[in-house]
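Engineer: Numbering-wise (the numbering used here), the sequence shown opens with residue 565 and increments by one.
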Amino acid sequence: MAQNLPDEVLKEILSLSTHIPDEEFSFNDDPNPFGQNPRHFSLLLLVCKRWLRVATPLLYGVVVIRSTAQAQSLADAVQANKSFGSFIKKMRLEGGFGQSPRTFLSLAPNISDLFITLDIWTNDSVSGLCSALQQIEPCRLIISQRHSIKNAKARKLRDALYAAVAHWKHLDTVEYYNELWIMMDDDDDYEDDSTDEYRKFTEALTSRKSLTLKNLILPDCTPRFMAAISQITTLESVRILHGTETENMKTFLMNHPKLATIVHYPSHTRVNPHAPITSSLLRTEPSSNAKPFRGAPATMSDTLWGLIFSYATSFYEPLSNGHNIPMEKKRRVATAISISSVCRSFHEIMQPRLYRIVLIRNPKSLKLFSELVSVNKDVGPLVLISFSQC
């Protein structure tokens, strides 16, 4: 039955479960999206050999390393099968992780997006990561620094990273998320770790020989810093996340009209240069012409599709406290509605899953659900779990 489904279609179905949104990959706040819910993507590989073949590139497409054990497992995997490393497109490293990064980074030539944290504690090791940074060529670098950590290992990683930035040939976007980076006004001669930090960062950017850097995303900026990075003639956008446009900066930008067109403060809403261009999709009703698994017994095809859809649209967050229920539920429900709109049979399979868990958050939602149940008698028996916060 499943053999009749093209690999391309199966890949699209499985990607619903393995996809990690870019806003999660680059997330730099609390709570960490990768520390809340267990993600068992690897279970897809255990279904059959065909799923293993189709889902393996999806599993390795975005790699998130949060522990030394995970780093060692990835190193062992890519060493055992070199092709696994070529599947890696995005890499998020939330630590140093000893010698393992040297192994898997050297075997991952296609990394385009790299997330690195400079919050390195004294019991961590960065030697492997530092030695491997020169072996990759990312297009996008995301630097995270949320704590004021001052130790030799943190400085070693920072220096190695900035040295790599100066030599990477394809780097076009740098995002620096540093909550402690307070840039001093140009009239103030005070020197501290923050000014030293952004001075080293500036030197790394301006010493680049490759003319590829186009986008900068920074926590703050001063005229002195802006004057330094103005040497980068390829810059197209400088986005400031938290700072305010001071009088000195306004004066500076008035005297540099070309820079004024690319500097965007929070009050000047601009589209993230890395955000994909999307268009509104027309909502379609189920089509009666399509028939998945045509020729296969209906009970078998419905069962298989039901398992796939359950995995893609399952919603367990209300069972745990502290999770972002509205965002996660909205994403899961949107996926369920999209699947339900493909064809009539998909619509019938998805109906029980759309109403399996009902979350009533206010009197208005209670009223709407009551009206729905009274109009459609088939909905009530589909509800297995109901949550009320009225």
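All residues carry an ideal CB built from backbone N, CA and C; glycine is no exception.
Is the beta carbon of residue 823 sitting closer than 7 Å to the one on residue 794?
Structural biologist: Yes, Cβ-Cβ distance for residue 823 and residue 794 is below 7 Å.
Engineer: Hey, residue 771 and residue 730 are a contact pair by Cβ (cut 8 Å); roughly how many whole angstroms apart?
Structural biologist: 5 Å between Cβ atoms; contact.
Engineer: Which partner residues of residue 677 appear in the DSSP bridge assignment?
Structural biologist: The partner list for residue 677 (beta bridge, DSSP) reads 654 and 704.
Engineer: For residue 916, which option in 929, 935, 930 and 871 has the closest C-alpha, if you only look at C-alpha atoms?
Structural biologist: Residue 916 has its Cα closest to that of 871, out of 929, 935, 930 and 871.
Engineer: Taking the DSSP output, what are the residues bridged to residue 542?
Structural biologist: Since the first residue shown for the chain is 565 and the last is 954, residue 542 is missing from the structure and cannot be characterised.
Engineer: Give me the Cα-Cα distance between residue 727 and residue 930, rounded to the nearest whole angstrom.
Structural biologist: Using only the alpha carbons, I get a separation of about 58 Å.
Engineer: Determine the burial state of residue 640: buried for a count of at least 16 other Cβ atoms within 10 Å of its Cβ, exposed for fewer.
Structural biologist: Label assigned to residue 640: exposed.
Engineer: For the alpha helix (DSSP H) that residue 645 lies in, which residues bound it at each end?
Structural biologist: Per DSSP, residue 645 belongs to no alpha helix (DSSP H) and is neither H nor E.
Engineer: Taking the straight line between their C-alpha atoms, what separation do you get for residue 676 and residue 687?
Structural biologist: Cα to Cα, the separation comes out at about 29 Å.
Engineer: Quick check: the Cα distance between residue 680 and residue 701, rounded to an integer number of angstroms?
Structural biologist: Roughly 14 Å separates the two Cα atoms.
Engineer: DSSP puts residue 828 in a beta bridge; with which residues?
Structural biologist: Residue 828 is bridged to 803.
Engineer: Measuring straight from C-alpha to C-alpha, what distance separates residue 881 and residue 643?
Structural biologist: With a pLDDT of 44 at residue 881, under the threshold of 50, the modelled position of that residue is not reliable, and the figure given next carries that caveat. When rounded, the distance between both Cα atoms is 36 Å.
Engineer: Given that a residue counts as buried once 16 or more other Cβ atoms are within 10 Å of its Cβ, and exposed if not, what is residue 690?
Structural biologist: Buried, because 16 or more other Cβ atoms sit within 10 Å of the Cβ of residue 690.
Engineer: Take residue 631 and list the residues in its own chain whose beta-carbon comes closer than 8 Å to its own, dropping the five residues that flank it on each side.
Structural biologist: Closer than 8 Å at Cβ, skipping near neighbours: 659 and 661.
Engineer: For residue 798 versus residue 775, is the C-beta distance shorter than 7 Å?
Structural biologist: Their beta carbons are under 7 Å apart, which means residue 798 touches residue 775 by this criterion.
Engineer: Thinking just about the alpha-carbon of each residue, which of 765, 860 and 788 is nearest to the one in residue 780?
Structural biologist: The shortest Cα separation from residue 780 among 765, 860 and 788 belongs to 765.
Engineer: Let me know the secondary structure DSSP gives residue 626 once reduced to three states.
Structural biologist: In the structure shown, residue 626 sits in a strand (DSSP, three-state: E or B).
Engineer: Any idea if residue 732 is buried or exposed, counting beta-carbon neighbours within 10 angstroms, 16 or more meaning buried?
Structural biologist: Classification for residue 732: buried.
Engineer: Compare the beta carbon distance of residue 919 and residue 897 with 7 Å and say whether it is the shorter of the two.
Structural biologist: For residue 919 and residue 897, no; Cβs fall outside 7 Å.
Engineer: Taking its Cβ as the centre, do 16 or more other Cβ atoms sit within 10 Å of residue 790, making it buried, or is it exposed?
Structural biologist: That one is buried.
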